[in-house]
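Numbering (this note's numbering), first residue to last: 3 to 484. No residue lacks a Cβ here, since even glycine has one placed at the ideal position from N, Cα and C. Computed from a predicted model, the values in this text were never measured in an experiment. A short write-up of the structure that comes next.
In structure tokens form, the structure reads like this:
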């Protein structure tokens, strides 16, 4: 289901609606303004009511990157009634995420396995086989999504809950729509979040959509929790935790094991974060990696040569092979440099007045780190727009939050909880795709013509799903589902 993107036109419409009350709001703001004078980072002058929302286009990480070229790596904006600070360099990111991480630890409130890999390869082989003996182009996104969903579901919930059939609480298509909607609505710039008195109007319609998707997701998770609790009740003293939800429910029942008790809603929320994040982020990253490889055939050839040499042609890639595949690891890092899953990371909320880099950031300010801009900074990276995995050879740079030139998962106490899962799944899935098939673009599509446009949400996938031709190159028995 196609999700609409926010546009400058929507912000202009909000400005028109707000115009009738502009005078009153301005007077109230002047009366309520703090007497303290802050030395804020430089930034564009905000408009009354809307602040700088008029400067934010459909791809906000691009918009703030262009603004930072004028105003500097630590920039002050205003989104409606909220002050916003954007860090766009290694040094400013380190100050926010490490030096002063306790001040920025809060988040703003808004309205908003091997069997599976083999099954994916089998499905791809069948989908790619044309009746005339040739090979049809396949749309990778759906296959990537389902293999990630299956792995994450079994790991977190103990089985595949999202399957075809009347006993399932959601079909694969329904759950895919729910996750897409969840990620879009949690990443979109909702004007009502920035101008609270507009909330009852819901000018963009996002709050209505949030309520609908939240209700549907809660119904799915209630089914999962009830089923797990029923097994616990049935097995009694013989019960043994089999998956993450079992463990979380046991902790919820015995608060003495935790400093901060967790509730049933906490269990559902944490499960949704990992299930949605593990599914969507890994699929998005692999699709971007395949896109870059198809645009750079020489890199694709090096990656497949390494796989043939290390793994051979008589088996699939196993997770244990990954440490012996340094070029594949470099391909993943280079993909995350150019295409971080969350380009502005997750926004932080400043809990107290703090001085950063000689500027004041007031309590209540929302702080973004533009990991996308840092990954393309020519002061940090040679030829930053080129896809060169070789740049990571022997560099020691990793993606785990200790090297601020590469921050796809953030850093500090609030970095992405799904990082470990993603770093296991992405290279294994990508490695098997490259090892099991010879890949090329459809006839008539040149490598340099492959579109690389993005669409914005909590994650940033390709605007147009990648289509490619896959030709099986391993023995047929390796594609069989056991």
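{"query": "Check whether the Cβ atoms of residue 55 and residue 82 sit closer than 8 Å, and answer yes or no.", "result": "yes"}
{"query": "Within 10 Å of its beta-carbon, does residue 244 have 16 or more other beta-carbons around it, so buried, or fewer, so exposed?", "result": "exposed"}
{"query": "Rounded to the nearest angstrom, what separates residue 75 and residue 47 at their Cα positions?", "result": "17 Å"}
{"query": "Pairing CB atoms from the region 93 to 109 with CB atoms from the region 346 to 356, are three or more of them under 8 Å?", "result": "yes"}
{"query": "So the candidates are 430, 432, 375, 433; which of them puts its Cα closest to the Cα of residue 406?", "result": "375"}
{"query": "List the residues that DSSP assigns as beta-bridge partners of residue 1.", "result": "Outside the displayed span of the chain (3 to 484) sits residue 1, for which this structure offers no information."}
{"query": "Taking all protein chains shown into account, do 16 or more other C-beta atoms lie within 10 angstroms of the C-beta of residue 186, making it buried, or fewer, making it exposed?", "result": "buried"}
{"query": "So, at 6 Å on beta carbons, what are the nonlocal neighbours of residue 481 in its own chain, with the 5 sequence-adjacent residues on each side left out?", "result": "123, 124, 127"}
{"query": "With C-beta atoms as the reference, is residue 404 less than 8 Å away from residue 141?", "result": "no"}
{"query": "For residue 78, list the residues DSSP reports as bridge partners.", "result": "87"}
{"query": "Reducing DSSP to helix, strand and coil, say where residue 315 ends up.", "result": "coil"}
{"query": "In the DSSP assignment, find the unbroken beta strand (DSSP E) run with residue 362 in it and report its ends.", "result": "361 to 363"}
{"query": "What number of angstroms, rounded off, separates the C-alpha of residue 174 from the C-alpha of residue 341?", "result": "26 Å"}
{"query": "Quick one: grab the DSSP three-state call for residue 294.", "result": "helix"}
{"query": "Would you mind reading off the limits of the beta strand (DSSP E) that contains residue 368?", "result": "368 to 371"}
{"query": "Do residue 281 and residue 163 have their beta-carbon atoms positioned less than 8 Å apart in this structure?", "result": "no"}
{"query": "Please state whether the Cβ-Cβ distance between residue 435 and residue 292 is less than 8 Å.", "result": "yes"}
{"query": "In angstroms, rounded to a whole number, what distance separates the CA positions of residue 386 and residue 344?", "result": "19 Å"}
{"query": "Quick one: grab the DSSP three-state call for residue 416.", "result": "helix"}
{"query": "Determine the DSSP secondary structure at residue 456, reduced to helix, strand or coil.", "result": "strand"}
{"query": "Which of helix, strand or coil does DSSP assign to residue 199?", "result": "helix"}
{"query": "Going by DSSP, what residue range makes up the beta strand (DSSP E) through residue 356?", "result": "356 to 358"}
{"query": "To the nearest angstrom, report how far apart residue 218 and residue 372 are at their CA atoms.", "result": "32 Å"}
{"query": "Can you give the Cα-Cα distance for residue 193 and residue 418, rounded to whole angstroms?", "result": "25 Å"}
{"query": "According to DSSP, residue 2 sits in a beta bridge with which residue or residues?", "result": "Only positions 3 to 484 of the chain appear in this structure, which leaves residue 2 out of reach."}
{"query": "Evaluate the contact criterion for the region 359 to 367 versus the region 381 to 397: three or more CB pairs, one atom per stretch, below 8 Å.", "result": "no"}
{"query": "Applying the criterion that 16 or more other CB atoms from any shown protein chain within 10 Å of the CB defines a buried residue, is residue 241 buried or exposed?", "result": "exposed"}
{"query": "Which term fits residue 298, buried or exposed, when burial requires 16 or more other beta carbons within 10 angstroms of its beta carbon?", "result": "buried"}
{"query": "Residue 34 by DSSP, collapsed to three states: which one?", "result": "Bear in mind that the predicted position of residue 34 carries a pLDDT of just 48, short of 50, making it too unreliable to give a figure here."}
{"query": "Our contact map puts residue 465 next to residue 473 with C-beta atoms below 8 Å; I'd like the distance itself, whole angstroms only.", "result": "That pair is no contact at about 27 Å."}
{"query": "Distance check for residue 368 and residue 50, CA to CA, integer angstroms please.", "result": "18 Å"}
{"query": "Can you have a look at residue 34 and say buried or exposed, based on whether 16 or more other CB atoms are within 10 angstroms of its CB?", "result": "Caution is warranted here: a pLDDT of 48 is assigned to residue 34, below 50, making its placement in the model unreliable, and no coordinate value can be reported."}
{"query": "For the alpha helix (DSSP H) containing residue 188, list its first residue and its last residue.", "result": "174 to 189"}
{"query": "Residue 199 to residue 205, Cα distance in whole Å?", "result": "11 Å"}
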